[in-house]
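In the working numbering, each number is its position in the sequence shown, counted from 1, plus 510. Built from N, CA and C at the ideal position, the CB exists for glycine as well. These numbers come from a predicted model, not from an experiment. One structure is given below, encoded as structure tokens.
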Amino acid sequence: MNDPGQWFTFALSGWTTTWPTQLLAIIWILWVISWVVASFWSGQTKKNVMSSDSLKYRALIYMGAILFLPLTGKLLGETPLWQFGSFGIYVLACLVLAGISFTWWGRIHLGRFWSNAITHKEGHQVIDTGPYGMVRHPIYTGLIAGMLVTGIAVGTVTAMLGAALISLGMGLKARMEEGFLTAELGADAYGSYCRRVPMLIPFLRPT
511 MNDPGQWFTF ALSGWTTTWP TQLLAIIWIL WVISWVVASF WSGQTKKNVM SSDSLKYRAL
571 IYMGAILFLP LTGKLLGETP LWQFGSFGIY VLACLVLAGI SFTWWGRIHL GRFWSNAITH
631 KEGHQVIDTG PYGMVRHPIY TGLIAGMLVT GIAVGTVTAM LGAALISLGM GLKARMEEGF
691 LTAELGADAY GSYCRRVPML IPFLRPT
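Structural data, given as structure tokens:
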């Protein structure tokens, strides 16, 4: 494949080559672009978790992302285990949009306290309103839901395994973040919040 156009076509092969599964890719691409742009809206960092401590959850997320890529399934010659049909994909795409909308609700509500890494921002305090009154990590909740639904919609082993690894990585990150914030904001403040609000799944008993 000496033609750059052929390489580009190959890179976009896999589950992104047909409609309406292409819609799922478009949703995620738009989310990534908007999230990167919004990353400039963040407060001054006071303290953060050492990068070496974050390797465990980052490794899971990166491995999951590689498996989740359409190109991975193409290189492995995968075919979907099932087909939902156009209507089914549209329904699942709506669920993915719901998950992504939940991440944005959490992102906007958190404001300048948001960070991609585990950090303590200047003036950081416990936020327990809006989506943070439903779960302690609404951004992770929305992402996990969106990823798992996308993996099911695509129907390949690598996409579902990738979504599962990303979800596990986010769950591990949430646990690490809670230990960090408890130490930084105080057990009375953050510990009390953890006892009132579920971690990732709404309406469950807090743990």
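Where residue i falls, given that 16 or more other Cβ within 10 Å makes a residue buried
i, result
"Thr651", "buried"
"Ala697", "exposed"
"Ala548", "exposed"
"Ala684", "buried"
"Asp513", "Its pLDDT being 47, under 50, Asp513 is placed unreliably in this model, and the coordinates cannot settle the point."
"Gly718", "Outside the displayed span of the chain (511 to 717) sits residue 718, for which this structure offers no information."
"Pro712", "exposed"
"Thr717", "exposed"
"Trp592", "exposed"
"Ile539", "exposed"
"Trp517", "Confidence at Trp517 is low in this model, with a pLDDT of 46, below 50, so the placement of that residue should be treated as unreliable; the coordinate-derived value is given next. Per the 10 Å Cβ criterion, exposed."
"Tyr600", "exposed"
"Ile649", "buried"
"Gly621", "exposed"
"Gly598", "exposed"
"Ala569", "exposed"
"Val542", "exposed"
C-alpha gap between residue i and residue j, whole angstroms
i, j, result
"Leu682", "Leu565", "11 Å"
"Val659", "Gly616", "19 Å"
"Leu581", "Ala535", "12 Å"
"Thr692", "Gly640", "21 Å"
"Arg715", "Arg705", "9 Å"
"Cys604", "Thr668", "22 Å"
"Val645", "Trp614", "14 Å"
"Leu579", "Met670", "11 Å"
"Val606", "His634", "30 Å"
"Ile662", "Trp624", "29 Å"
"Met686", "Ile628", "8 Å"
"Thr526", "Ser611", "22 Å"
"Thr589", "Thr666", "6 Å"
"Leu710", "Gly679", "13 Å"
"Ser544", "Phe550", "11 Å"
"Phe690", "Ser596", "44 Å"
"Ala528", "Ala699", "This sequence places Thr at residue 528; Ala is not what is there. Between Thr528 and Ala699, the C-alpha separation is close to 50 Å."
"Ser677", "Asp638", "23 Å"
"Pro747", "Ser702", "No information on residue 747 is available, as it lies outside the stretch 511 to 717 that the chain covers here."
"Val546", "Gly587", "32 Å"
Residue range of the alpha helix (DSSP H) that includes residue i
i, result
"Met680", "667-695"
"Gly661", "648-664"
"Met573", "565-578"
"Thr531", "531-548"
"Tyr703", "702-706"
The ligand COA heavy atom lying under 7 Å from the CB of residue i
i, result
"Gly679", "The ligand COA is not part of this structure, which contains no ligands at all."
Write down every uninterrupted run of the alpha helix (DSSP H) in the region 588-643 whose length is 4 residues or greater and which is fully enclosed by it, in chain order. 595-620
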